[in-house]
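Residue numbers (my numbering): 1412 to 1639.
So the structure is just underneath, and the comments pick up after that.
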């Protein structure tokens, strides 16, 4: 909360996007409610902003300032660092979800799925957090801090535009849609929307996509992460 840049990325931008796109006729969402489409996508964006962009930038500069070098001299392992940072991200996401959910409900959001939907949302968001955290630490552990800052912000903008957050994936060419759904951003936003907008059960395909991304990213991070 003391870091204005981080606060902008993890909270201000998602809430502003939710409020703006729910009110203005910027994009056609078909016959359904605009807020019912947007709210799950903004929850997915919250995970991306915290578990990827914020984490990558913070870890990159921790490497630059020697914080991770000091941690590397302790018994803390790479997997321990990944796990600790992922748990920290989950705590921040609880705050994000609370603020976004209250805002969306005030704008008329009516989530579907009942009690089981809560469990499926938690599963998807934990899997998404693991996937994006792994990718963030992979980037921060291999690139220079300045390169990480630029790349993390660029990827954030790309995910915002191509991840089904505020623009339906059906708006893209038919040939591109299967590829976009295999990206972690597309899988997470589609999965949350399937549960909260359509009241479906656990979206197994989307969950598997996130789990595969998480496993691959974490495996590469554990092998390649540099403390300095």
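Don't be surprised by glycine CBs; every beta carbon is placed ideally from N, CA and C.
This structure is a prediction, so every number in the text was calculated from the model and none was measured.
C-alpha gap between residue i and residue j, whole angstroms
| i | j | result |
| --- | --- | --- |
| residue 1522 | residue 1433 | 15 angstroms |
| residue 1609 | residue 1448 | 10 angstroms |
| residue 1461 | residue 1540 | 9 angstroms |
| residue 1636 | residue 1565 | 21 angstroms |
| residue 1517 | residue 1415 | 25 angstroms |
| residue 1511 | residue 1420 | 13 angstroms |
| residue 1590 | residue 1480 | 38 angstroms |
| residue 1520 | residue 1446 | 6 angstroms |
| residue 1458 | residue 1626 | 17 angstroms |
| residue 1630 | residue 1498 | 18 angstroms |
Beta-carbon spacing of residue i, residue j below 8 angstroms
| i | j | result |
| --- | --- | --- |
| residue 1580 | residue 1601 | yes |
| residue 1524 | residue 1607 | yes |
| residue 1594 | residue 1535 | no |
| residue 1429 | residue 1450 | yes |
| residue 1417 | residue 1490 | no |
| residue 1563 | residue 1463 | yes |
| residue 1514 | residue 1496 | no |
| residue 1556 | residue 1634 | no |
Classification of residue i by the beta-carbon crowding that lies within 10 angstroms, buried from 16 upward
| i | result |
| --- | --- |
| residue 1575 | buried |
| residue 1425 | buried |
| residue 1423 | exposed |
| residue 1504 | buried |
| residue 1632 | buried |
| residue 1485 | exposed |
| residue 1558 | exposed |
| residue 1530 | exposed |
| residue 1456 | buried |
| residue 1567 | buried |
| residue 1584 | exposed |
Residue closest to residue i, alpha-carbon to alpha-carbon, out of the options
| i | options | result |
| --- | --- | --- |
| residue 1543 | 1633, 1628, 1414, 1454 | 1628 |
| residue 1616 | 1634, 1626, 1592, 1567 | 1592 |
| residue 1453 | 1468, 1585, 1549, 1509 | 1509 |
Residue range of the alpha helix (DSSP H) that includes residue i
| i | result |
| --- | --- |
| residue 1462 | No alpha helix (DSSP H) contains residue 1462, which DSSP labels as neither H nor E. |
| residue 1412 | Unbroken run through residue 1412: none, as it is neither H nor E. |
| residue 1629 | 1615 to 1635 |
| residue 1481 | 1478 to 1483 |
| residue 1543 | 1525 to 1551 |
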